[in-house]
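So the protein lines, in turn, are chains A and B.
Using the numbering used here, the letters of the first sequence map in sequence onto residues -14 to 325.
Using the numbering used here, the letters of the second sequence map in sequence onto residues 643 to 1170.
Note that CB positions come from ideal geometry on N, CA and C, so glycine has one too.
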Amino acid sequence: MARHRGRGIASINYPIGMNLGGDPSQALVHSNPSGKFTVALSSIDLGQGMKSVTRQICAETLGVPVEDVYVDTADSDTGPHCMGSFASRGTHRVGNAVMAAAKEARGVMMEAAAEELEVNATDLETDGRGNIHVKGAPHRSISTKDVAIAAQFKQGKTISGRGIFLVPLSAVDPETGEMSPATCYAHACMVAEVEVDDETGEVAMMRMDSAYELGRALNPRLVEQQLVGGAWMGVSHALYETTEPYYPDPRHGPRDFVEYLMPGPGDICPHDIAVLERPAADGPFGAKGPGEMCANPVMPAVANAIFNAVGVRVDELPITPEKVLRAIKAQGGARPQARR
Amino acid sequence: MLELRKDIFADERDDNLKEIGKGTQRQDMLGHVTGTSIYFNDHRLQGMLHLQVLRSPHPHARIRRIDTAEAERSPGVRRIIRGADVPRNLNTLLSLINFGKDDEPTLAVDKVRYKGEPVAAVVADSQREAFEAAAKVRVDYEPLPTVFDVEDALKAGAPIVNETYPKNTFTYHDIYDHQKLRFGDVERGFASADHVLEQRYQMSPIEHAPTETNGSIAAPDTNGRYVVYTSTQALFFSLDTCAKILDLPSNTFHFIGGTVGGGFGGKVDTLTEPLAILGAMLTGRPVRYIFGREEEMKFGPPRGAERIYLKDGMMRDGRIVARKVRAYFDSGAYTRLSSYAVVKCVAHLPGPYTIPNVYGDVYCVFTNRTPATAMRGFGVTAMDFAIECQMDKLAHLVGMDPMEFRLLNAYRDGDMKAHRREAKNTALIECVQVAAEKAKWPLREEFKRMSSRKDGGGARAAIPATAMDTKGPARPATQQRTPYDRAPQPAAGTEPPRPTPPPPVSPAPQPASHGAIRFSSVFGSRRR
């Protein structure tokens, strides 16, 4: 009886957004007379950081500091339509809508600044710190606050913008399945290392090494939060979770977190992540989205690592100690494969 | 630990941005870490009532009679809601985008189709009184035969789960019980293959397990409107669903949400809002309907189980020449969103690899279990498990390193994908290379030099002549065939494979398209 180490890999891609009935989101951006901007959305922040990512996109596009932008969501009376926060569409679809709205608002802001500075708007640029100045002449400058005051009380301009991003619906051919399901794809590869106890069938996670390609990491800390959490959901799906342990027999379902197993703090392992950025042509600053797909490569990587460790293939999720042990017994003991 | 590999694809990016790419602190951080962020359930409204549904104890039964007399007299009860009180009791979520038929009642009327299906709702002064009254509703059930296995559900004589779909399958394009994918000729591919591997994969249902359970609070507002605080993942999706079920203009409702304690796909189904609003309409009081943990876990929709049969044909140098997929998505008793996951799954085939012949039949099947719904990786997660386990077995069969095997078969810019669109902006190869580097997994030099931007397209960009549902030729005697009930064993004497990207097996002119006008149950009549 022994514990066996093994490594397994999996590589995947994942579509950004949904292909059914068209996929739109809208955004509205406006400034108050102090030059502080509000982004109005109806999109949902599930904890993934939707508000923060759209805030950064808006600030970058307007050319103002992120502190000068506040994202207000989700109120159906004030926020324009959004399909919802699912299908990895938030960053890409909503981000693009916010970018479009911010571009329009920036256009008005630059026109208003041009009028105050008595120059052509095309000769102006933002410094990202709350000022607009003549290109090559930073001393000929006006703050966004003063521009907003002038626009509101002197020029009668509204510094605001509307944005929509729509991926039109794509017909699906009934005979061949021909369709345009998504405009861009994220990618990942995961190497999982496990230790399998051939006496109990228990699988312990030892280490994960991964590479994720997401278009553009708009906020690397939010990306890290998604990838770390998502990988653990993948581990949990691979080894622990189900509401029907003897599916398709519906009996013995859990009722709470005492009966529904998930990994605890003692089950976690080091996870070393690399992020690659190949910008999507139609993504906001090239962004795709890390949300959903980060859990996907973990399940097969763990299954393949178990094979490498003890030579059994468990093709049914979750890979419980019972299944591992039965498979080891069926083949007459652990058969460790070549170490790699 | 996270490392940004700025050196890769650097020529495709402008990294001189001011706010993008910065690890700025979240806008909502202070609220979250101090416990002051407002979630739907933080609203405590004057005179708020509590709604509790009575759920079916049977997975499949006819409802003979519902007697609410005793429950009506129970202390604290304000109102008992039955199916007949719901203005439009039958709905399907994706009817908002004209996909599928209305197949699910808000409250069951004639029949229950899964254990836990809502039969009646009690609105009472306290949660406890609502629970106690619900226990006093007498329902006379006549149990019916059940079906829980997706393949059993397709057999002749199987119990009909949902009369809207009497064959126990969702209907695609008005004519098919599955969504097809046809690209090239898999039978010819299998005939030419040195190895054919057939394997079965099964996923089990999984709970979203959010910290915050599904719920909403609806309250009468001024001017005949209703304000609704909700945990939904899709504000207008839920609002429009309520407008349909309650048969009211959408601007009757003022939905407020946006801060949610975990969704993962489990908060799209608009499970609580219609009854909470109806309760508020019928009582004139604010009404809260929130799932308990057991309700969330047993009767909140799970990630659906999928059963996948994969058959691959491979040459002894590691090139995959054909991949055939038959998959069954267990939708439970109603459609919810599984119908869409099937389409998404078909588009995902054959995974991120360039394979010249691909075939898929994917079914959305009804069984007598809690309806499934979206979850992280919807339509793709189980298929990736199947494909990637299969890839490992295939590499093992030909004695190839599993990393190099994936690099050999990886899709590249310019390749034709099986859903007949050109692959662009691909990065699978680079992900494999970087993961290998991180894991100190040795790759041979020629595999380290591969690039998503090189060696794609050309012959790999062709759409092959496609066989439409015909039988293929017999397989050669030398072929090693591993059927579904056997585990793969490597063949003796495998050759060292070369890292050349595979040319398509049957490059041929594209066949004529299927007519200028096509009809689709998904999108109606459309001109291409």
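Name the chain E residues whose beta carbon is nearer than 7 Å to that of residue i?
| i | result |
| --- | --- |
| Cys174 (chain A) | Absent here is chain E; the protein component of the structure consists of chains A and B. |
Among the options, which one has its Cα closest to the Cα of residue i?
| i | options | result |
| --- | --- | --- |
| Lys1035 (chain B) | B:Phe1020, B:Leu732, B:Ala983 and B:Gly955 | B:Gly955 |
| Ala72 (chain A) | A:Lys308, A:Ile1, A:Ala202 and A:Val213 | A:Ile1 |
| Arg927 (chain B) | B:Ala861, B:Ala983 and B:Glu793 | B:Ala861 |
| Leu382 (chain A) | A:Ala323, A:Ser10, A:Pro306 and A:Thr58 | Since the first residue shown for chain A is -14 and the last is 325, residue 382 (chain A) is missing from the structure and cannot be characterised. |
| Gly121 (chain A) | A:Leu109, A:Val24 and A:Ala(-5) | A:Leu109 |
| Gly907 (chain B) | B:Tyr783, B:Leu952, B:His850 and B:Phe878 | B:His850 |
| Ile722 (chain B) | B:Phe971, B:Gln694 and B:Asp744 | B:Gln694 |
| Pro801 (chain B) | B:Ala703, B:His1061, B:Arg842 and B:Leu1039 | B:Ala703 |
| Phe22 (chain A) | A:Gly34, A:Cys43, A:Met35 and A:Gln33 | A:Cys43 |
| Glu1088 (chain B) | B:Asp1057, B:Thr676, B:Ala1103 and B:Phe1047 | B:Phe1047 |
| Asp791 (chain B) | B:Asn1067, B:Thr806, B:Leu888 and B:Thr811 | B:Thr811 |
Can you tell me where the alpha helix (DSSP H) holding residue i begins and where it ends?
| i | result |
| --- | --- |
| Glu637 (chain B) | No answer is possible for residue 637 (chain B): it lies beyond the span of chain B, which begins at 643 and ends at 1170. |
| Thr46 (chain A) | Met35 to Leu47 |
| Tyr197 (chain A) | Per DSSP, Tyr197 (chain A) belongs to no alpha helix (DSSP H); it is in the beta strand (DSSP E), Val188 to Glu198. |
| Arg830 (chain B) | Val828 to Ser834 |
Less than 8 Å separating the beta-carbons of residue i and residue j?
| i | j | result |
| --- | --- | --- |
| Ser873 (chain B) | Ser858 (chain B) | yes |
| Arg978 (chain B) | Asp882 (chain B) | no |
| Ala763 (chain B) | Leu749 (chain B) | yes |
| Tyr170 (chain A) | Val260 (chain A) | no |
| His837 (chain B) | Gln1122 (chain B) | yes |
| Val213 (chain A) | Ala1077 (chain B) | no |
| Val719 (chain B) | Ala777 (chain B) | no |
| Arg824 (chain B) | Thr305 (chain A) | no |
| Thr1012 (chain B) | Gly742 (chain B) | no |
| Asn4 (chain A) | Thr1023 (chain B) | no |
| Val1000 (chain B) | Pro992 (chain B) | yes |
| Tyr1126 (chain B) | Glu938 (chain B) | no |
Over the uninterrupted beta strand (DSSP E) stretch that includes residue i, give me the two end residues.
| i | result |
| --- | --- |
| Gly(-7) (chain A) | Arg(-12) to Pro0 |
| Ser858 (chain B) | Gly857 to Pro862 |
| Glu180 (chain A) | Tyr170 to Asp182 |
| Thr343 (chain A) | Examination of residue 343 (chain A) is not possible in this model, given that chain A is present from -14 through 325 alone. |
| Ala256 (chain A) | The question names Ala, but residue 256 (chain A) in the sequence shown is His. Residues His256 to Leu261. |
So residue i contacts chain B; which residues on that side make the cut at Cβ distance below 7 Å?
| i | result |
| --- | --- |
| Glu163 (chain A) | His1061 and Arg1062 |
| Cys169 (chain A) | Asn1067 |
| Leu261 (chain A) | Arg647, Ile650, Phe651, Ala1069, Glu1072, Cys1073 and Val1076 |
| Asp182 (chain A) | Correct list: empty, because the minimum Cβ distance to chain B is about 21 Å. |
Please list the partners that residue i has in chain A, where partner means a Cβ-to-Cβ separation under 8 Å.
| i | result |
| --- | --- |
| Arg842 (chain B) | Asp300 |
| Tyr982 (chain B) | Met3 and Leu5 |
| Leu659 (chain B) | Glu45 and Phe270 |
| Ala947 (chain B) | Glu229, Tyr232 and Pro233 |
| Met957 (chain B) | The contacting residues do not exist; Met957 (chain B) stays about 20 Å from chain A at best. |
Just the chain B side, please: which residues come within less than 8 Å of residue i by C-beta, in chain order?
| i | result |
| --- | --- |
| Leu203 (chain A) | Ile662 and Gly663 |
| Pro0 (chain A) | Lys986, Ala989, His990 and Val1022 |
| Met247 (chain A) | Ala851 |
Show which residues of chain B have a CB atom less than 9 Å away from the CB atom of residue i.
| i | result |
| --- | --- |
| Ala266 (chain A) | Lys1066 and Asn1067 |
| Met94 (chain A) | Those within 9 Å of Met94 (chain A) in chain B number zero; the least Cβ separation is about 16 Å. |
Whose Cβ in chain A lies nearer than 9 Å to the Cβ of residue i?
| i | result |
| --- | --- |
| Asn740 (chain B) | Gly6 |
| Ala776 (chain B) | Result: empty, since nearest Cβ-Cβ is about 18 Å, beyond 9 Å. |
| Lys940 (chain B) | Thr228, Gly238, Pro239 and Arg240 |
List the residues of chain A that residue i touches, going by C-beta distances under 7 Å, in chain order.
| i | result |
| --- | --- |
| Asp791 (chain B) | Pro233 |
| Ser1175 (chain B) | Given that chain B is displayed from residue 643 to residue 1170, the structure contains no residue 1175 (chain B) and the question cannot be resolved. |
| Ala1129 (chain B) | Arg298 |
| Phe878 (chain B) | Ser27, Ser61, His66 and Cys67 |
Closer than 8 Å, Cβ to Cβ, to anything on chain A: give me those residues from the stretch 882 to 897 of chain B, in chain order. Phe895, His896 and Phe897
Report the residues of the stretch 805 to 838 of chain B with a CB closer than 8 Å to any CB of chain A, ordered along the chain. Tyr814, His815, Ile817, Tyr818, Gln821, Lys822, Leu823, Arg824 and Phe825
Relative to chain B, which residues along the stretch 215 to 238 of chain A have a C-beta separation below 8 Å, given in chain order? Gly215, Met218, His222, Glu226, Thr227, Thr228, Glu229, Pro230, Tyr232, Pro233, Asp234, Pro235 and Gly238
Residues of the stretch 51 to 71 of chain A in Cβ contact with chain B at a cutoff of 8 Å, in chain order, please. Val51, Tyr55, Val56, Thr58, Ala59, Asp60, Ser61, Asp62, Gly64, His66, Cys67, Met68, Gly69, Ser70 and Phe71
For the stretch 693 to 722 of chain B, enumerate the residues whose C-beta is nearer than 9 Å to any C-beta of chain A, in chain order. Pro701
If the cut-off is 9 Å on Cβ atoms, which residues from the stretch 664 to 685 of chain B count as contacting chain A, listed in chain order? Lys664, Gly665, Thr666, Gln667, Arg668, Gln669, Asp670, Met671 and His674
Interface residues of the stretch 744 to 758 of chain B facing chain A [CB-CB below 8 Å]: Lys757
Residues of the stretch 286 to 314 of chain A whose Cβ lies closer than 8 Å to any Cβ of chain B, in chain order: Ala286, Ala288, Asn289, Phe292, Arg298, Asp300, Glu301, Leu302 and Pro303
Beta carbons nearer than 7 Å to chain A: which residues of the stretch 1022 to 1034 of chain B have them? Val1022, Thr1023, Asp1026, Phe1027, Glu1030, Cys1031 and Asp1034
Beta carbons nearer than 7 Å to chain B: which residues of the stretch 24 to 39 of chain A have them? Ser27, Ile29, Asp30, Leu31, Gly32, Gly34, Lys36 and Ser37
Residues from the stretch 96 to 120 of chain A in contact with chain B, defined by Cβ distance under 8 Å: Gly113
Can you list, in chain order, the residues of the stretch 129 to 161 of chain A whose Cβ is nearer than 7 Å to any Cβ on chain B? Leu154, Ala156, Val157, Asp158, Pro159, Glu160 and Thr161
What are the residues of the stretch 1083 to 1106 of chain B that lie near chain A, defined by any Cβ-Cβ distance shorter than 7 Å? Trp1083
Tell me which residues of the stretch 907 to 933 of chain B have at least one Cβ-Cβ distance to chain A shorter than 7 Å, keeping chain order. Gly907 and Val910
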